[in-house]
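So the sequence shown is residues 713 to 1062, counted in our numbering. We put the CB at the ideal spot given by N, CA and C, even for glycine. On a predicted model such as this, the values are computed, not experimentally measured, just so you know.
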Amino acid sequence: MKKIYLLFYFMYFVQLGYSQSNFTEPDYIKTIVFKPAASNTYAPIIRLGDRINLSFDDLNANQENYTYKIEHCALDWGISDLSESEFIDGYAEDRIRNYENSFNTLQPYTNYRLTIPNENTSIKVSGNYILSVLNEDEEVVFKRHFVVYEPKVTVGVTVYKSRDISTINTKQSVEFIINNPNFRINNPDEEIIPVVLQNNNWQTAIIGLKPQFYRGTQLLYKYNKETSFWGGNEFLYFDSKDIRSSTLNIANVELGAELYNTYLYTNEERIDLPYTLFPDVNGNFIVRTLNGGNSNTDADYSWVHFSLSCLENLENKDIYISGNFNNWQLNDTNKLHFNTETGLYEATLL
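This is the structure in C-alpha cells:
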C-alpha cells in the first residue's frame, strides 16, 4: 500500500458528485511540480493559510507572459457559485512574475515559479480549487487541482490486509474514524463526504461512503471491499541527477545529436513475485542535478528509454508509464509498444 489521503467535505458548501477532467498539457510544457511548501510533502493538499508552490518548464524558452487563475470548485470539480471576492483576497488572476532561463543546458527552457498565497493573491476559504496557467491569448496551457482544508475534526486511520480471501495478498483496505467532539454534525449521511485517495491519484479516488456506525461523537467507517485498493508493488525508479553517468538503475548513457539518451535496465514483470520493500516517493519525482548549483535552471533533459520484458500474453492490453510526472494520465505519449526485433515493450520519454 502506498500513501493514503483522507479528505472530508461538508455539504454546507459542496454538491454531491465527482469527476475530474484530464487536461493534457502541450509537449513543450514539462516538469510541472505542484506541492505544498513544507518539506517532504507532495500531495497538493494544504491547510488554510499555508503555502503551495508551482514550478514548470517551457521548452520554447521564449520567456512567455503566463498568468495564473484560481477558481473555487464544488465537490465534483465544477466551478462553484462563489464570487471571487468570497474566496480570494486580492486577485484571482495575475501574472507569473518569477521566471528564469536555463543555464548551460543542451535543452534550453524557461523555468517559471509561483507561490500561493503571495502579495497579490490569498485564499480565504477551504474547499476544492483549480489553478490554471494561461498564455497571452488567455488560453489554458495546463491546470492542476488542489485542496485547501480546515482542521474541524480529527481522523484515525488504519490500513490492513483485505479480509476477502481471494484478495488477501493483493489488496489492502482502509478503515477510519471521524472524531467531531467540537463540530456539530446534524446529518452525517448527507453532510460528510469522505474521499479516499491513494498516492494523490484522483482517478482511483473512492467516494460516496456513508458512516456504518455511530459512537458518541465518532463516525465509524469499517468497510472492507468498498475501501480496498490494489496494493501493487513499489514504484520503479531511476536517478539521473548526474546526466552523463550510468547511476542507479541506468544501464547506459549516450550523447545523441542534441540531447543525452538515458537507457534504463530492462524491467521484468513482477506479477506473482514476493513483495520487496524498497522505500520510494510513491510515484512522485524530485528535480535535482549534480551538474550545477540550481536544480530549477541547471538540470538538463534527456531522452529516457524504458523497456519491459514480459512473458504474459498482453494482446489487447495496454501498458503505460505513469506517475505524478504526467499527472497519472494514461495516453499515447507514455504508452509502451512491442518491438518485434527486441521482443520487449518499449517507450521513450523526454
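The DSSP-derived three-state label of Pro906 is strand.
By alpha-carbon distance to Val908, the top candidate from Gln1041, Glu938 and Asn945 is Glu938.
The beta carbon of Phe950 lies closer than 7 angstroms to those of Leu960, Asn961, Ile962 and Leu976 in the same chain, with the five residues before and after it left out. A distance below 6 angstroms between beta-carbons, with the five flanking residues on each side excluded, links Gly995 to the following residues of its chain, in chain order: Asn911, Phe947, Gly1035 and Asn1036. Ranked by how close their Cα comes to the Cα of Arg856, the residues Gly1055, Ser957, Ile764 and Gly968 have Ile764 in first place. When Cβ pairs closer than 8 angstroms are counted between the two stretches, the segment 851-868 is seen to touch the segment 887-895, the count reaching three or more. Here Asn816 is exposed: its Cβ has fewer than 16 other Cβ atoms, across all protein chains shown, within 10 Å. Phe815 sits in coil when the DSSP states are folded into three classes, being neither helix nor strand. Counting C-beta pairs closer than 8 angstroms gives fewer than three between the segment 979-993 and the segment 827-839, which falls short of the contact rule. Closest in alpha carbon position to Ser1007, among Tyr740, Ala749 and Glu812, is Glu812. Residue pairing of Phe1050 in beta bridges, as defined by DSSP: Tyr1057.
Between Glu1027 and Glu981, the CB-CB gap reaches or exceeds 8 angstroms. Rounded to the nearest angstrom, the Cβ distance from Asp801 to Ser834 is 4 angstroms, consistent with a contact under 8 angstroms.
Per the Cβ contact rule, the segment 879-888 is in contact with the segment 925-945 (3 or more Cβ pairs under 8 angstroms).
Of all C-beta pairs linking the segment 913-927 to the segment 865-881, fewer than three are shorter than 8 angstroms, placing the two stretches out of contact.
Put simply, the segment 734-746 does not touch the segment 775-793. Fewer than three CB pairs are less than 8 angstroms apart. If only complete runs of 3 or more residues are kept, the segment 829-905 shows the beta strand (DSSP E) at 833-835, 839-846, 852-861, 866-873 and 883-891, in order along the chain.
Apart from the 5 residues on each side of it in sequence, Gly944 has no Cβ closer than 6 angstroms to any other Cβ in its chain. Glu798 sits in a helix when the DSSP states are folded into three classes. With a cutoff of 8 angstroms on beta-carbon distance, Phe1018 and Ala1059 are scored as near each other. Tyr975 is bridged by DSSP to Asn964 and His1017. Comparing alpha-carbon positions, the option among Ser1021, Val860 and Thr779 lying closest to Leu760 turns out to be Val860.
Looking at Thr988, Gly1005, Val853 and Ile842, the one whose alpha-carbon comes closest to that of Gly790 is Ile842. Bounds of the beta strand (DSSP E) holding Thr916 are Asn913 to Ile919. Comparing alpha carbon positions, the residue from Tyr872, Phe997 and Asp1012 closest to Gly1004 is Asp1012.
Here the C-alpha atom of Thr882 lies approximately 20 angstroms from the C-alpha atom of Lys1029. Residue burial annotation: Ser952 is buried, with at least 16 other C-beta atoms found within 10 angstroms of its C-beta. Your pair Phe746 and Leu766 checks out as a contact, with CB atoms roughly 5 angstroms apart and the cut at 8 angstroms.
The continuous alpha helix (DSSP H) containing Thr1009 extends over residues Ser1007 to Asp1010. In the DSSP assignment, the residues bridged to Leu932 are Ile889 and Phe925. Taking a C-beta distance under 8 angstroms as the contact criterion, Trp1040 and Asn898 do not qualify as a contact pair.
By the criterion of a C-beta distance shorter than 6 angstroms, Gln930 is surrounded in its chain by Ile889 and Asn891, once the five residues flanking it on both sides are discounted. Going by C-alpha positions, Ala773 is about 19 angstroms away from Tyr972.
For Tyr1032 against Leu1042, the beta-carbon gap comes to about 5 angstroms, under 8 angstroms, which counts as contact. In the structure shown, the three-state DSSP call for Asn823 is strand.
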